[in-house]
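Chemist: Structure incoming, see below.
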Amino acid sequence: MKRVNILLGGPTSEYPDELSKSIKGIPGPWVGADRGSLHLMANGIIPEIAIGDFDSISKKEQKLLQDNVPVFEKFPPEKDDTDSELCLLAAREKYNAQEYYVYGATGGRIDHFLVNLFLPYDSRFLDFYDKLYYKSATNTIRFFKPGRYTIYHENSMKYVAFVNLGPVTHLNLFDAKYKLNDYSVAHPVSWASNEFVKDTIDFSFESGIVAVIQSKDKK
């Protein structure tokens, strides 16, 4: 399986434009978190998995999901994991995909955003955190292991931040507005705020974990 999509249950205003334009054209199966499952069904997509505490939807809506979704899993509201974590673990177990696109994960509550940002330090995600794409209306987040990479300017997101999650050594930014040469930082967390000047930015580093956050101003 190449790609799995996860739709979270936050406000629809936090969903990226691509969902409203062509949600049915996005490849791969769907997993719905809480109210995100209902949003999928309202757009003619039956998720393969619906998961969460479902404390924001009615019993009638829960019954609709139970009757139509192949896998319906309900957790108590006092659970330790966020709905996005539960969805990712369930999707990995079922599909073991190459890519996991999580929609609506970065623009809502700050506590959920921080859980998603520091996910690479959860031992359950060590084998696939670099396969995650978090996408909202104003942000895209990816995680990188040491190496050299090219990222692409997308969806008018001209700003880009390179956030070290823990110590990072020998970070180099090429073709960005503000270049970095052989930059190392021993403390978590710091970031290098930057901008695209071309369609791509190349970067490399030798150790640690780097989160790359592309963003744009809200309308």
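Mind the numbering: the sequence shown is residues 1 to 219 in UniProt numbering, read in order.
From the three backbone atoms N, C-alpha and C, an ideal C-beta is built for every residue, glycine too.
(1) Nearest-angstrom Cα distance between ALA176 and PHE128?
(2) Among the candidates ALA50, GLU78 and ILE57, whose CA atom is the shortest distance from the CA of PHE66?
(3) I need the boundaries of the alpha helix (DSSP H) containing residue 223, first residue and last residue.
(4) Residue 299 and PHE203 look like a contact to me (Cβ under 8 angstroms); what is the Cβ gap, rounded to whole Å?
(5) How is LEU132 classed by DSSP in three states: helix, strand or coil?
(6) For HIS112, which residues of its own chain have a beta-carbon under 6 angstroms away from its beta-carbon, when the five flanking residues on both sides are left out?
(7) Compute the Euclidean distance between the alpha carbons of ASP122 and LYS63, then round it to the nearest angstrom.
(8) Nearest-angstrom Cα distance between ALA192 and GLY44?
(9) Is there contact between the stretch 20-33 and the stretch 3-12, where contact requires at least three CB pairs shorter than 8 angstroms?
(10) If distances are taken between C-alpha atoms only, which option among VAL160, LYS216, ASP34 and ARG124 comes closest to SER58?
(11) Across the stretch 141-161 and the stretch 196-216, are there enough close Cβ pairs to call them in contact, namely three or more that are closer than 8 angstroms?
(12) Would the beta-carbon of TRP30 fall within 9 angstroms of that of GLU48?
(13) Can you tell me which residues form a DSSP beta bridge with ILE49?
(14) Measuring alpha carbon to alpha carbon, tell me which residue in TYR134, VAL168, ARG124 and VAL185 is nearest TYR100.
Modeler: Let me lay it out:
(1) ALA176 and PHE128: Cα-Cα distance of roughly 27 angstroms.
(2) Reading off the sequence shown, one finds Gln at residue 66, where the question assumed Phe. Taking only the C-alpha atoms, the option nearest GLN66 is ALA50.
(3) The structure shown does not extend to residue 223, since the chain spans only 1 to 219, so no value can be given for it.
(4) Here the chain comprises residues numbered 1 to 219, so residue 299 is not present and cannot be evaluated.
(5) Here LEU132 sits in strand by DSSP.
(6) THR82
(7) About 33 angstroms.
(8) 41 angstroms
(9) Touching, per the Cβ criterion.
(10) ASP34
(11) Touching, yes.
(12) Yes, the Cβ-Cβ distance between TRP30 and GLU48 is below 9 angstroms.
(13) VAL31 and VAL71
(14) Selected option, being the one with the closest Cα: TYR134.
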